[in-house]
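Novice: Take this structure first; my questions come after.
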Amino acid sequence: MPRRVTRSLKTKPLPQRQGIDPVCLLLPRAGESAEEAAAAQPPRPTETFGAETVLDYLVARFFPHERAPIAARFERGEVVDDDGRQVSAGAPLAGQQIWYYRQLGDERPVPFDMPVLFEDDWVLAIDKPHFLPTTPNGSFVLHTALAKLRVRENNPDLIPIHRLDRLTAGVVLFAKTPEARAPFQTMFQERFVSKVYEAVAAPIERLGEGESIEFSSRITKQHGNLQVSQLTAEAAEAAGLATNSRTRITCLREFSLASGVLPETSSVNPELSFPRGRLAHLRLEPHTGKTHQLRAHLWALSSPIAGDVLYPRVLGYHPDEPLLPLQLLARSVSFEHPVTGEATTITSQRQLKLTQLSA
Numbered sequence: 001m002p003r004r005v006t007r008s009l010k011t012k013p014l015p016q017r018q019g020i021d022p023v024c025l026l027l028p029r030a031g032e033s034a035e036e037a038a039a040a041q042p043p044r045p046t047e048t049f050g051a052e053t054v055l056d057y058l059v060a061r062f063f064p065h066e067r068a069p070i071a072a073r074f075e076r077g078e079v080v081d082d083d084g085r086q087v088s089a090g091a092p093l094a095g096q097q098i099w100y101y102r103q104l105g106d107e108r109p110v111p112f113d114m115p116v117l118f119e120d121d122w123v124l125a126i127d128k129p130h131f132l133p134t135t136p137n138g139s140f141v142l143h144t145a146l147a148k149l150r151v152r153e154n155n156p157d158l159i160p161i162h163r164l165d166r167l168t169a170g171v172v173l174f175a176k177t178p179e180a181r182a183p184f185q186t187m188f189q190e191r192f193v194s195k196v197y198e199a200v201a202a203p204i205e206r207l208g209e210g211e212s213i214e215f216s217s218r219i220t221k222q223h224g225n226l227q228v229s230q231l232t233a234e235a236a237e238a239a240g241l242a243t244n245s246r247t248r249i250t251c252l253r254e255f256s257l258a259s260g261v262l263p264e265t266s267s268v269n270p271e272l273s274f275p276r277g278r279l280a281h282l283r284l285e286p287h288t289g290k291t292h293q294l295r296a297h298l299w300a301l302s303s304p305i306a307g308d309v310l311y312p313r314v315l316g317y318h319p320d321e322p323l324l325p326l327q328l329l330a331r332s333v334s335f336e337h338p339v340t341g342e343a344t345t346i347t348s349q350r351q352l353k354l355t356q357l358s359a
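Going by full-length UniProt numbering, the first residue of the sequence shown is number 1, and it counts up by one from there.
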């Protein structure tokens, strides 16, 4: 059956470049007071860095020690207004909205494959590999699933319906048209989707093969902290707080690694130790979707996921260790299709590496 490609004719003032959208930025107005900026619709930023022109503002805000990269954008005609008209470097700050291409850094290429698991006129589901970000974030912009898929599928309208962490592999859904975004995103926001994950971790005390437990906690995430904060259900109750995260955990089996298949420690990341002793292959069914919920719940049960560089402690930044990706996989999503009404289940075909190295 031939692959389907669905497109919209809607365009931005600047086209996508290599699958990456141009940046939209609302500028302040030179000399405007904070009160005047706050009263504007929409409210404008107030910090002008003492700049009077668009070029000076962008340089002061983004590249204060290197003016040339910003100036070159204007010389190439790559800074435009909402109507696509070129903005000159000397244009005064007047609270206008501009569009431009972001400056790409030297990204580390990520080996990836993204096989299609499901597709119809509205949605595309792929099997995301470990280490590939879903969307541009931080130092990864070009080497992301979204940018690569937009180019591969020749569809600039692709947008993720939900996200997986960069280190997590498995099923990710993308809306194919602007009209498809709302019903699918609402489906996830209203928790009309059943998600199943798998993980390899240390065995959970008193959880035998085939047995399940429910774990609840209160998770909070503070800006700037890599780890979440967590209170067990008992601690939350004692503090008069409600839990906000719940996961059903099932032990599929326990196993040991075959002798000699992994070294003692990573040569890529000296702080990362390879697992030893007994391991558990777990099925995880989150009933809520808090940040790092699965990783935090298993950490709280003294069963951190193998390959985790955040829990139980934050390891220093090192290149990814291909011998031991985070052993967490989004195995499947199940839902009633919001357009067709059909019961739909999409399943990853990937396998967690450590389950394939068992003795």
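Ideal Cβ placement from N, Cα and C applies to all residues, glycine included.
Indicate the three-state DSSP secondary structure (helix, strand or coil) for Gln-16 in the structure shown.
Specialist: Gln-16 falls in the coil class under three-state DSSP.
Novice: Do Leu-257 and Ser-266 have their CB atoms nearer than 9 Å?
Specialist: For Leu-257 and Ser-266, no; Cβs fall outside 9 Å.
Novice: Look up Gln-351 in the DSSP assignment and give the residues it is bridged to.
Specialist: Partner(s): none; Gln-351 has no beta bridge.
Novice: Take Leu-329 as the anchor and find which of Asp-308, Ala-37 and Leu-142 has the nearest alpha-carbon.
Specialist: Of the candidates Asp-308, Ala-37 and Leu-142, the one whose C-alpha sits nearest the C-alpha of Leu-329 is Asp-308.
Novice: With distance defined between alpha-carbon atoms, name the residue in Arg-191, Leu-323, Val-339 and Tyr-101 nearest to residue 411.
Specialist: Outside the displayed span of the chain (1 to 359) sits residue 411, for which this structure offers no information.
Novice: Using the Cα positions of Phe-70 and Ala-51, report the straight-line distance between them to the nearest angstrom.
Specialist: The sequence as given places Ile at residue 70; Phe does not occur at that position. Rounded to whole angstroms, Ile-70 to Ala-51 spans 14 Å at the Cα level.
Novice: Starting from Trp-99, follow the beta strand (DSSP E) in both directions and report where the run begins and ends.
Specialist: Unbroken beta strand (DSSP E) run through Trp-99: 97-100.
Novice: Quick check: the Cα distance between Leu-324 and Ala-239, rounded to an integer number of angstroms?
Specialist: If I take the Cα positions, the gap works out to 38 Å.
Novice: Report yes if the CB atom of Phe-335 is closer than 9 Å to the CB atom of Phe-192, and no otherwise.
Specialist: Contact: yes.
Novice: Quick one: give me the first and last residue of the beta strand (DSSP E) that Phe-112 is part of.
Specialist: No beta strand (DSSP E) contains Phe-112, which DSSP labels as neither H nor E.
Novice: Spell out the partners DSSP gives Gln-86 in its beta bridges.
Specialist: Paired residues: Val-80.
Novice: Residues in the same chain with beta-carbon distance under 6 Å from His-337, minus the five sequence neighbours each way, listed in chain order, please.
Specialist: Contacts found: Thr-344.
Novice: Give the list of continuous alpha helix (DSSP H) stretches no shorter than 4 residues that lie fully inside the segment 169-248.
Specialist: For the segment 169-248, whole alpha helix (DSSP H) runs of length 4 or above, ordered along the chain, are 178-189 and 233-238.
Novice: Provide the residue span of the alpha helix (DSSP H) that contains His-297, from first to last.
Specialist: First-last of the alpha helix (DSSP H) with His-297: 293-300.
Novice: By DSSP, does Lys-290 sit in helix, in strand, or in coil?
Specialist: If DSSP states are grouped into helix, strand and coil, Lys-290 belongs with coil.
Novice: Tell me whether Leu-25 counts as near the ligand ADP, meaning its Cβ is closer than 8 Å to at least one heavy atom of that ligand.
Specialist: Among the ligands in the structure shown, none appear at all, so the ligand ADP cannot be discussed.
Novice: Which partner residues does Thr-345 have in the DSSP bridge list?
Specialist: Looking at the DSSP assignment, Thr-345 forms a beta bridge with Ser-334.
Novice: Start and end of the alpha helix (DSSP H) containing Val-59?
Specialist: Val-59 -> alpha helix (DSSP H) spans 54-62.
Novice: Checking 9 Å against the spacing of the C-beta atoms, do Ile-219 and Ile-213 come in under that value?
Specialist: Result no, Cβ atoms of Ile-219 and Ile-213 do not sit closer than 9 Å.
Novice: Within the continuous alpha helix (DSSP H) that includes Phe-74, where are the two ends?
Specialist: 68-75 is the span of the alpha helix (DSSP H), which, as asked, contains Phe-74.
Novice: Please classify Gly-19 as buried or exposed, where buried requires at least 16 neighbouring CB atoms within 10 angstroms.
Specialist: It counts as buried.
Novice: Thinking just about the alpha-carbon of each residue, which of Ala-39, Pro-22 and Ala-40 is nearest to the one in Gly-84?
Specialist: Considering only alpha carbons, the answer is Pro-22.
Novice: Taking C-beta to C-beta, are Leu-158 and Leu-164 nearer than 9 Å?
Specialist: For Leu-158 and Leu-164, no; Cβs fall outside 9 Å.
Novice: Give me whichever residues DSSP pairs with Ile-159 in a beta bridge.
Specialist: Paired residue(s): Ala-175.
Novice: Leaving out five residues on either side along the sequence, give the residues of the same chain with a beta carbon under 6 Å from the beta carbon of Cys-24.
Specialist: These residues qualify, in order along the chain: Trp-99.
Novice: Alpha carbon to alpha carbon, how far is Gln-96 from Ile-252? Give it in angstroms, no decimals.
Specialist: The sequence shown places Leu at residue 252, not Ile. Approximately 57 Å, taken between the alpha carbons.
Novice: Closest to Gly-210 by CA distance: which of Ala-60, Leu-26 and Thr-250 is it?
Specialist: Taking only the C-alpha atoms, the option nearest Gly-210 is Thr-250.
Novice: Roughly how many whole angstroms lie between the Cα atoms of Val-123 and Ala-180?
Specialist: The alpha-carbon atoms of Val-123 and Ala-180 are separated by roughly 7 Å.
Novice: Does the beta-carbon distance from Ala-280 to Ala-202 come in below 9 Å?
Specialist: Yes. Within cutoff.
Novice: So, is His-162 buried or exposed, given that buried needs 16 or more other C-beta atoms within 10 angstroms?
Specialist: The residue is buried, with at least 16 neighbouring Cβ atoms inside 10 Å.
Novice: Val-339: which of Met-187, Asp-113 and Asn-244 sits nearest, CA to CA?
Specialist: The candidate whose alpha carbon is nearest that of Val-339 is Met-187.
Novice: Look up Val-151 in the DSSP assignment and say whether it is helix, strand or coil.
Specialist: Val-151 falls in the helix class under three-state DSSP.
Novice: Since Ala-34 is in the alpha helix (DSSP H), which residue starts that stretch and which ends it?
Specialist: From DSSP, the alpha helix (DSSP H) with Ala-34 extends over 34-39.
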